[in-house]
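Colleague:
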Amino acid sequence: TAAVFWVGAVLVINDELKIGTVVALAAYLSGLYGALSGLSNARVELATSFVSFERVFEVVDIHQEISQHENAVELANMQGSISFDDVSFDYSAGEDVGLQTVKRMSMWRPTEKVEDDELMQVSTRRTALEGVSFDVEPGELVALVGPSGAGKTTVTYLVPRLYDATTGTVRIDGHDVRDIEFESLAEHIGVVTQESYLFHDSIAANLRYAKPDATPEELESAARAANIHDYIASLPRGYDTRVGERGYRLSGGEKQRVAIARVILKDPSILILDEATSHLDARSEALIQEALDGIMRGRTSLVIAHRLSTILAADRILVLDEGRIVETGTHDELLSANGLYARLYETQFRAGAPV
């Protein structure tokens with residue numbers, strides 16, 4: 001560049017070249033250097049891209065364990081009966097392939113002295129359910145109770161077929177869930193989990209995820225039933241307010257009530273609830289519980305119970321321990337049996353949960 005301006009200046013002084021030509025030539029030279037520099041770095045960028053593509057294709061090529069059968073049936077009018085027939089399930093990573101290897105190696109602890117081949121054989125296999133059998137009638141409220149790790153959440157995962165049972169059969173209205181279309185399961189089963197998942201979009205869009213064609217009146221009705229309408233109406237943009245990624249602009253109780261409103265809007269035949277509200281303040285917990293009590297009426301409900309009021313309202317209580325149903329009955333019957341439920345009642349529910 002210095003040479004261009006030096007020689008160009010001499011030529012301009014001698015009236016052999018115009019100054020605009022020198023400036024243009026310097027600009028062309030900068031463009032040429034940029035292109036040559038980019039070309040010289042192409043090999044490095046190409047090598048980096050191949051590594052990235054390899055990782056992306058590993059994710060794309062991971063085997064899909066849950067798939068819809070070719071002759072899957074559509075349940076247009078689901079009644080809501082649920083049946084577990086000698087169901088067993090274990091979490092198993094299977095064969096070490098691609099990214100699954102990382103999952104197995106993550107179980108290793110630095111303090112453990114093991115050989116390399118021994119490290120690669122760390123098993124993630126854990127039996128979560130074993131020989132579980134029970135029936136839920138349409139419109140019945142069944143509470144799942146048990147210590148941590150007993151298999152309660154796994155039971156609720158098998159109903160909408162988030163997992164397939166290792167052995168045994170899970171049936172809805174007499175049909176094996178593996179023979180039901182995914183769309184039917186998604187349409188007729190509503191789930192409220194411990195953590196509410198909201199998208200980086202408006203409140204209205206998050207509600208319409210359950211019913212895309214819902215009218216503003218239907219949104220408002222569902223929000224009122226979930227005790228969240230007054231809060232939404234107080235926002236400057238109302239239902240058009242963006243909630244942020246994973247709903248970070250809302251409090252825990254507000255996110256939970258939006259999730260409940262979404263389920264109310266969906267109006268499912270089967271409702272699965274995990275009432276993890278202990279981390280919320282008393283007011284939010286009371287509002288959420290009031291909303292839950294309303295939507296459980298008249299529909300089949302499978303509830304992981306954390307509050308005594310839910311347990312007392314249940315038609316039946318299933319007590320799980322180490323993947324097995326150890327007791328079943330009503331609240332009074334289980335207390336009279338003086339078993340695991342009675343101990344849980346004394347340590348958890350009686351002292352920690354309001355009636």
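Quick note on numbering: the sequence shown equals residues 1 to 355 in the working numbering. Note that the Cβ used here is the ideal one computed from N, Cα and C, for glycine as well.
Inspect the CB distances between the region 65-84 and the region 169-179 and report whether three or more fall short of 8 Å.
Modeller: yes
Colleague: Once you ignore the five residues that flank GLY298 on each side, which residues in its own chain have a CB closer than 8 Å to its CB?
Modeller: GLY139
Colleague: Within the region 114-192, note down every full beta strand (DSSP E) run reaching 3 residues or more, in order along the chain.
Modeller: 126-136, 141-145, 167-172, 189-192
Colleague: Does DSSP classify SER88 as helix, strand or coil?
Modeller: Here DSSP, grouped into helix, strand and coil, assigns SER88 to strand.
Colleague: Below 8 Å on the Cβ atoms is my contact criterion, and I expect LEU219 with LEU265 to pass it. Report the Cβ-Cβ distance as a whole number of Å.
Modeller: 7 Å
Colleague: For TYR91, tell me which candidate among THR153, TYR33, ASN71 has the shortest Cα-Cα distance.
Modeller: Across the set THR153, TYR33, ASN71, the C-alpha of THR153 shows the shortest separation from the C-alpha of TYR91.
Colleague: GLU254: buried (16+ other C-beta within 10 angstroms of its C-beta) or exposed?
Modeller: buried
Colleague: By DSSP's criteria, ILE82 is part of a beta bridge. Which residues make up the other side?
Modeller: VAL136, ILE172
Colleague: Kindly indicate the opening and closing residues of the beta strand (DSSP E) around GLY8.
Modeller: No beta strand (DSSP E) contains GLY8, which is instead part of the alpha helix (DSSP H) from 2-13.
Colleague: Just confirm the distance between the C-beta atoms of ALA261 and ALA313, as a whole number of angstroms; I'd bet it's less than 8 Å.
Modeller: With 8 Å as the limit, ALA261 and ALA313 do not qualify as a contact, their Cβ atoms being about 21 Å apart.
Colleague: Let me confirm a value: SER47 is counted as buried when at least 16 other C-beta atoms fall within 10 Å, else exposed. Which label applies?
Modeller: According to the sequence provided, residue 47 is Ala. The question's Ser does not apply to it. The residue is exposed, with fewer than 16 neighbouring Cβ atoms inside 10 Å.
Colleague: Flag this pair as yes or no: are the beta carbons of GLU74 and GLU181 separated by less than 8 Å?
Modeller: yes
Colleague: Cutting at 6 Å between CB atoms, please list the residues of its own chain near ALA210, excluding the five before and the five after it.
Modeller: ARG262, LEU265, LYS266
Colleague: Which of the three DSSP states is assigned to LEU344 in this structure?
Modeller: helix
Colleague: Could you check where the beta strand (DSSP E) with GLU327 kicks off and where it finishes?
Modeller: Start and end: 324-329.
Colleague: What did DSSP end up calling ASP332 once you bin it into helix, strand or coil?
Modeller: helix
Colleague: Three-state secondary structure (DSSP) at THR215?
Modeller: coil
Colleague: Tell me, to the nearest whole angstrom, how far the beta carbon of VAL258 is from that of LEU144; I am working on the premise that it is less than 8 Å.
Modeller: So it is not a contact: roughly 24 Å between Cβ atoms.
Colleague: So, does the region 230-244 touch the region 325-340, judging by three or more C-beta pairs under 8 Å?
Modeller: no
Colleague: Please work out which residues of its chain come closer than 6 Å, Cβ to Cβ, to GLU130, disregarding the five sequence neighbours upstream and downstream, and give them in chain order.
Modeller: A distance below 6 Å between beta-carbons, with the five flanking residues on each side excluded, links GLU130 to the following residues of its chain, in chain order: SER88, GLY323, ARG324.
Colleague: Expressed to the nearest angstrom, what Euclidean distance is found between the alpha-carbon atoms of PRO268 and THR300?
Modeller: 9 Å
Colleague: Hey, PHE84 and VAL132 are a contact pair by Cβ (cut 8 Å); roughly how many whole angstroms apart?
Modeller: Between VAL132 and PHE84 the Cβ distance is about 5 Å, and since that is below 8 Å, they are a contact.
Colleague: Could you please give the first and the last residue of the uninterrupted beta strand (DSSP E) stretch that includes SER37?
Modeller: Taken as a continuous stretch (DSSP letters only), SER37 belongs to no beta strand (DSSP E), being part of the alpha helix (DSSP H) at 19-61.
Colleague: On a Cα-Cα basis, can you pick out the residue from THR127, SER202, VAL136 that is closest to THR167?
Modeller: It is THR127 whose Cα lies nearest to the Cα of THR167.
Colleague: Out of ILE317, ARG224, TYR239, which has the shortest C-alpha to C-alpha gap to ILE295?
Modeller: Among ILE317, ARG224, TYR239, the Cα nearest to that of ILE295 is on ARG224.
Colleague: Just curious, the alpha helix (DSSP H) that ASP230 is in, first and last residue?
Modeller: 229-234
Colleague: Quick one, which of THR328, LEU162, LEU273, VAL23 has its alpha-carbon nearest GLN256's?
Modeller: LEU273
Colleague: Could you please give the first and the last residue of the uninterrupted alpha helix (DSSP H) stretch that includes ILE203?
Modeller: 203-208
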